[in-house]
Amino acid sequence: MRVNAEKGVFYCHSCGAAGTAIHLIKLMEGCDFADAERRAESILRERGVDVPSRSRGGYQRPGVSAQPGLRAGGRRYVPPGRR
Numbered sequence: 001m002r003v004n005a006e007k008g009v010f011y012c013h014s015c016g017a018a019g020t021a022i023h024l025i026k027l028m029e030g031c032d033f034a035d036a037e038r039r040a041e042s043i044l045r046e047r048g049v050d051v052p053s054r055s056r057g058g059y060q061r062p063g064v065s066a067q068p069g070l071r072a073g074g075r076r077y078v079p080p081g082r083r
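Just so we're aligned: 60 in UniProt numbering is position 60 of the sequence shown, and the numbers increase by one with no gaps anywhere.
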C-alpha cells in the first residue's frame with residue numbers, strides 16, 4: 001500500500017482500493033462515511049490536533065446557489081449538448 005500523507009490519499013497495489021483517509025477508515029472498520037469522519041476526528045483529537053467544527057450544511061461550491069439546479073443569479077445549469 002502506498003500512502004501520501006501530504007495529500008491525504010492512499011492506494012493499495014494488491015486490491016486496487018484507493019481514496020482518502022476517510023475512505024480508508026470506512027474500509028478498515030466497516031462503517032459508513034459519517035462514522036468514519038467521527039473516528040478520524042477522534043484520532044486527530046487524541047493526538048492533540050485541533051479539528052474545526054463543521055456546519056451540517058455540507059460543502060457549497062462557490063458561485064452555485066443552495067437551490068438545486070440553479071446557479072448564482074438564478075440561471076438554471078444546462079449541460080453542453082442539451083441547450
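Yeah, the Cβ is synthetic: ideal placement off N, Cα and C, and Gly gets one too.
All values reported here derive from a predicted model rather than from experimental measurement.
- Taking I25 as reference, the option from G16, I43, C15, D50 with the minimal CA-CA separation is I43.
- Under the three-state reduction of DSSP, A18 is assigned to strand.
- Within the same chain, no residue comes within 6 angstroms of P79 by CB-CB distance, once the 5 residues on both sides are set aside.
- Assigned with DSSP and collapsed to three states, R82 falls in coil, not helix or strand.
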